[in-house]
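Q: Please see the structure below; I have some questions.
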Amino acid sequence: MKLVRYGAPGAERPGIWQDATKDEPARILDVQGMVFDIADYDARFWRTFGIARLRALLQEPNLKWVPAAGQRLGPPVAPPRQIICLGKNYRDHVQEFDAQAPELPVYFAKSPGALCGHGDVIRLRPGMERVDGEVELAVVIGRRARDIQESDALAYVAGYTILNDVTNRDLQKARGQWFFAKSADSFAPLGPWLVTRDEIKRPHSLRIRQRVNGEVLQDAKTSKMIFRLEMVLADLSRVMTLEPGDVVSTGTPGGIGSARTPPVVLHDGDVMECEIDGIGVLRNPVAMMYG
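Take 132 as the starting number for the sequence shown in our numbering and just add one per residue.
Structure (structure tokens):
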């Protein structure tokens, strides 16, 4: 299943996306319109209902579908408690900065307030001169995870999605930290949907790409991760409890714009596309905002 949240920012409704066929255009099942007790894909939903409830819903008669055309897709999960990211998790990304590959995972956070959805504008502001993006495979936690084993770790994943880790490189260099440079409003596009875990059997064999205005900047395989997802989730769970709805993003491969010669940075009017096989394309325009 592809889970979506559609509607105006702050008023998104939970839905299930159905791709277009030769006979039918793409459409969205209005979950909230069918059941009164699922208000959103939030922590309560994952703790109380989960994917099984949605599978049962799809078997009911008189499903309430709405046309997908013209619908805004917000982030596919309600604002999470936390967004945990990995730095330096692809060897070619480490090499493009002449750095050493880490012996243990490098974690940092992005503010949940930076989230935006598919098609939403990545908002630049005056003075942001070196901003670029990073395509990343992200997961949403579906069950509380504490002291879990690597062998069981994927069972705690609700599904997979795409995170664009947009970064202000000037701010990152000036402040010497990642959180501040990566947490501006709109600097965490997430989507376009959440693909449930059962539909992606091998998360470490996916092709992952980033394009700006059609030019391919990043093109790699998730098999090139230094630290696999199972290890990361188990490692995190030994220190902190991962709660349903939390987002964990697994790092980016080499090829990012700021590491190129000359650098490829975002400008007003650009269009970013982040694509991962088995998930889809997360597309966001870029605009300079004043005031």
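The C-beta atom is built at its ideal place from N, Cα and C for all residues, glycine as well.
In whole angstroms, give me the CA-to-CA distance for serine 317 and glycine 141.
A: 14 Å
Q: Of all the options Gly205, Tyr221, Asp263, which has the alpha carbon lying nearest to the alpha carbon of leucine 246?
A: Gly205
Q: For the alpha helix (DSSP H) holding valine 363, just list the boundary residues, first then last.
A: For valine 363, the enclosing alpha helix (DSSP H) has its first and last residue at 360-368.
Q: Should arginine 306 be listed as close to the ligand MG, given that the test is whether its C-beta is under 8 Å from any heavy atom?
A: Among the components of this structure there are no ligands whatsoever, and the ligand MG is therefore not found.
Q: In chain order, what are the residue ranges of uninterrupted alpha helix (DSSP H) at least 4 long that sit wholly in the segment 180-264?
A: 182-189, 222-226, all fully within the segment 180-264.
Q: Classify aspartate 329 as helix, strand or coil using the three-state DSSP reduction.
A: Here aspartate 329 sits in helix by DSSP.
Q: I'd like the list of long-range same chain contacts for proline 211, defined as Cβ closer than 7 Å, with 5 residues on each side in sequence excluded.
A: So the qualifying residues of the chain are Pro243, Gly376, Asp377, Val378.
Q: Which class does glutamine 280 belong to by DSSP, given the choice of helix, strand or coil?
A: coil
Q: Within the same chain, show all residues whose beta-carbon is closer than 7 Å to that of aspartate 173, passing over the 5 residues directly before and after it, in chain order.
A: Closer than 7 Å at the Cβ level, and outside the excluded window around aspartate 173, lie Ala209, Gly376.
Q: Is the segment 246-255 close to the segment 355-362, with three or more CB pairs under 8 Å?
A: Touching, no.
Q: Report the rounded CA-to-CA distance for proline 257 versus serine 314, giving the unit in angstroms.
A: Proline 257 and serine 314 have their C-alpha atoms roughly 16 Å apart.
Q: Under the assumption that proline 207 contacts leucine 321 (Cβ atoms under 8 Å), give the Cβ distance between them as a whole number of angstroms.
A: 7 Å
Q: What three-state label does DSSP hand aspartate 150 in the structure shown?
A: coil
Q: Per the contact definition of three or more C-beta pairs closer than 8 Å, is the segment 277-286 in contact with the segment 301-313?
A: Touching, no, given that fewer than three Cβ pairs across the two stretches are closer than 8 Å.
Q: In the DSSP output, what is threonine 292 paired with across the bridge?
A: Answer is Ala269.
Q: Candidates Gly138, Trp196, Lys153, Ala183: which alpha carbon is nearest methionine 165's?
A: Trp196
Q: Does the Cβ of glycine 307 have 16 or more other Cβ atoms within 10 Å, making it buried, or fewer, making it exposed?
A: Glycine 307 counts as exposed, since fewer than 16 other beta carbons sit within 10 angstroms of its beta carbon.
Q: If you count every other CB in all the chains shown that lies within 10 Å of the CB of asparagine 193, and 16 or more means buried, which is it?
A: exposed
Q: With DSSP as the reference, please indicate the residues paired to glutamate 346 in a beta bridge.
A: Val343
Q: Kindly indicate the opening and closing residues of the beta strand (DSSP E) around alanine 418.
A: 411-419
Q: Quick one: Cα of isoleucine 159 to Cα of tryptophan 324, how far?
A: Whole-angstrom Cα-Cα distance: 12 Å.
Q: Among Arg175, Thr152, Glu143, which one has its Cα closest to the Cα of aspartate 161?
A: Measuring from the Cα of aspartate 161, the nearest candidate turns out to be Glu143.
Q: Less than 7 Å between C-beta atoms, sequence neighbours within five positions excluded: which residues of the same chain meet that for proline 198?
A: Cβ within range, chain order: Pro156, Arg158.
Q: What is the rounded straight-line gap between the Cα of methionine 132 and the Cα of isoleucine 147?
A: 7 Å
Q: Decide yes or no for the touch test of the segment 330-341 against the segment 406-416: beta carbon pairs closer than 8 Å, at least 3 of them.
A: yes
Q: Going by Cα to Cα distance, which pick from Val237, Leu185, Phe239, Asp263 is closest to valine 343?
A: Asp263
Q: Per DSSP, what kind of secondary structure is alanine 312 in: helix, strand or coil?
A: helix
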